[in-house]
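Trainee: Position in the sequence shown counted from 1, then plus 235, gives you the working numbering.
So that we are looking at the same thing, I have put the structure below in C-alpha cells.
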Amino acid sequence: MENTSYIALSRQNALWRQLDVIATNMANANTPAYKAEHMMFREYLMPTRSSDRTFGDKLSYVQDVSVLRNTEEGSLTKTDNPLDVALHGDGFFQVETEAGMRYSRNGHFRLDEGGMLVNSLGHAVMDNADNPIIFAPNETRITITPDGTVATENGQVAKLKVVRFFNDQDMRKVGDSLYETTQEPQLVERPAIVQGMMEESNVQPVVEITRMTEVLRQYQALQQMIDKEHERQLKAIETLVPRA
236 MENTSYIALS
246 RQNALWRQLD
256 VIATNMANAN
266 TPAYKAEHMM
276 FREYLMPTRS
286 SDRTFGDKLS
296 YVQDVSVLRN
306 TEEGSLTKTD
316 NPLDVALHGD
326 GFFQVETEAG
336 MRYSRNGHFR
346 LDEGGMLVNS
356 LGHAVMDNAD
366 NPIIFAPNET
376 RITITPDGTV
386 ATENGQVAKL
396 KVVRFFNDQD
406 MRKVGDSLYE
416 TTQEPQLVER
426 PAIVQGMMEE
436 SNVQPVVEIT
446 RMTEVLRQYQ
456 ALQQMIDKEH
466 ERQLKAIETL
476 VPRA
C-alpha cells in the first residue's frame with residue numbers, strides 16, 4: 236500500500252519547509268528589527284478510490300498553507316549613534332530602492348558620500364514628501380525627535396516618513412530587512428521614534444533550537460517509517476510473486 240508512504244512524505248515535505256523557516260530565523264537572530272516567522276499547516280483530505288478503503292473514505296495529507304510573521308516588537312538597545320533610530324510601536328520607515336518603495340523597521344541609518352540618509356543597504360530613506368533626506372557638508376549635529384523631525388545646528392531638515400498598513404501579514408519579505416506590499420501606505424501622524432537606539436530581532440534562539448530539534452526528530456521518525464514500509468512491500472512482493 237503506497238498511501239502510507241505518500242502521507243508520510245507529505246508530512247516530511249512540510250517539516251522540511253518548517254526547518255528552512257527555523258534556519259532563516261536563527262540566521263537573523265542578530266539582524267536589527269527582524270521578525271521571526273512560523274509555518275502554518277492544515278489537513279488536506281483526499282477522497283479514496285472505491286476499491287481502496289484501508290484508510291476509510293478519505294486520506295489525510297499535510298499542507299503548508301503560509302508563513303505567519305511574529306510582529307511583536309523586539310527589545311530596544313542603546314547605541315548612542317545619532318543615526319540609529321528605533322520605532323516604538325506601530326509603523327515602518329519608507330526607503331527607495333531600484334525596484335521602487337520598500338518598507339522596513341530597521342533604523343540602522345548612515346550618510347552616504349553625498350550626505351544622503353540611507354539604510355544599511357544604501358537605499359535612500361524617505362521624508363514625508365517622498366524625497367530623500369540630504370545634509371549639507373557643514374551639518375554635523377543631527378537630532379531626530381520622537382515625531383520624526385530631523386534637524387541640525389542649521390535648523391529643521393526634514394521629517395522621517397513612517398507608515399502603517401491594514402494587514403502586516405500581507406507584506407512580502409524582500410531580503411532580511413525590507414518588505415513590499417500592494418497595500419496603500421497610511422501615514423503615521425505621531426510616530427514614536429527613539430534616537431540612538433536600535434530595535435533588536437524578536438527571534439528567540441533557544442526556542443528556535445528547541446523547535447529545530449523537535450522537527451528533526453519527527454523527520455527522522457517518518458523516514459524510519461517510510462523505510463520499514465518499503466521493506467514490508469518488498470517482502471510482500473517476494474511472497475506473492477513466485478521466483479522463476
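Ideal placement from N, C-alpha and C gives every residue a C-beta, glycine not left out.
(1) Starting from Leu322, follow the beta strand (DSSP E) in both directions and report where the run begins and ends.
(2) With the cut-off set at 9 Å, would you say Met274 and Val438 are in Cβ contact?
(3) Please go through the same chain and pick out, in chain order, the residues whose beta-carbon is closer than 7 Å to the beta-carbon of Ala386, but skip the five residues on each side of it.
(4) Where do the N-terminal and C-terminal ends of the alpha helix (DSSP H) with Ile496 fall, by residue?
(5) If I'm right that Val398 touches Gly326 with Cβ under 8 Å, what's the distance once you round it to whole angstroms?
(6) Looking at the structure shown, is Ser310 part of a helix, part of a strand, or coil, going by DSSP?
(7) Return the chain-ordered list of same chain residues with a C-beta closer than 8 Å to the C-beta of Asn389, the five sequence neighbours on each side being excluded.
(8) So, for Lys313: in the same chain, excluding its five sequence neighbours on each side, which residues have a beta-carbon less than 6 Å away from its beta-carbon?
(9) What's the call for Ser286, buried or exposed, on a 16-neighbour Cβ count within 10 Å?
(10) Using 10 angstroms around the beta-carbon of Arg337, count the other beta-carbons present and answer buried if the total reaches 16, otherwise exposed.
(11) Would you kindly work out how many angstroms separate the C-alpha atoms of Leu422 and Met361, rounded to a whole number?
(12) Can the beta-carbon of Thr266 be found less than 9 Å from the beta-carbon of Ser436?
(13) Measure the CB-CB distance between Lys408 and Glu308 and report whether it falls below 9 Å.
(14) Near Arg288, what residues of its chain come up, given a Cβ to Cβ distance below 7 Å and the 5 sequence neighbours on each side ignored?
(15) Would you kindly report the start and end of the unbroken beta strand (DSSP E) that includes Ser339?
(16) Excluding sequence positions up to five away, which residues of its chain have a Cβ less than 6 Å from the Cβ of Ile257?
(17) Looking at Lys396 and Gln329, is the spacing between their C-beta atoms short of 9 Å?
(18) Output the boundary residues of the beta strand (DSSP E) element that contains Lys408.
(19) For Asp301, list the residues DSSP reports as bridge partners.
(20) Measuring alpha carbon to alpha carbon, tell me which of Leu250, Pro317, Tyr269 and Lys463 ends up nearest Arg376.
(21) Starting from Leu413, trace the beta strand (DSSP E) both ways and give me its first and last residue.
(22) Going straight from the alpha carbon of Leu356 to that of Asp347, what length do you get?
Mentor: According to the structure shown:
(1) Val320 to Leu322
(2) no
(3) Thr378 and Val392
(4) Nothing can be reported for residue 496, as the shown portion of the chain is limited to 236 through 479.
(5) 7 Å
(6) coil
(7) Ala371, Asn373 and Glu374
(8) Met432
(9) Caution is warranted here: a pLDDT of 49 is assigned to Ser286, below 50, making its placement in the model unreliable, and the coordinate value is therefore given only provisionally. Under this definition Ser286 is an exposed residue.
(10) buried
(11) 12 Å
(12) yes
(13) no
(14) Reliability of the predicted coordinates at Arg288 is poor, the pLDDT of 49 falling under 50, and the value obtained from them is presented with this limitation in mind. Same-chain partners within the cutoff: there are none.
(15) Gly335 to Ser339
(16) Glu443, Arg446 and Met447
(17) yes
(18) Arg407 to Val409
(19) Per the sequence shown, residue 301 should be read as Ser rather than Asp. Partner(s): Met275.
(20) Pro317
(21) Leu413 to Glu415
(22) 11 Å
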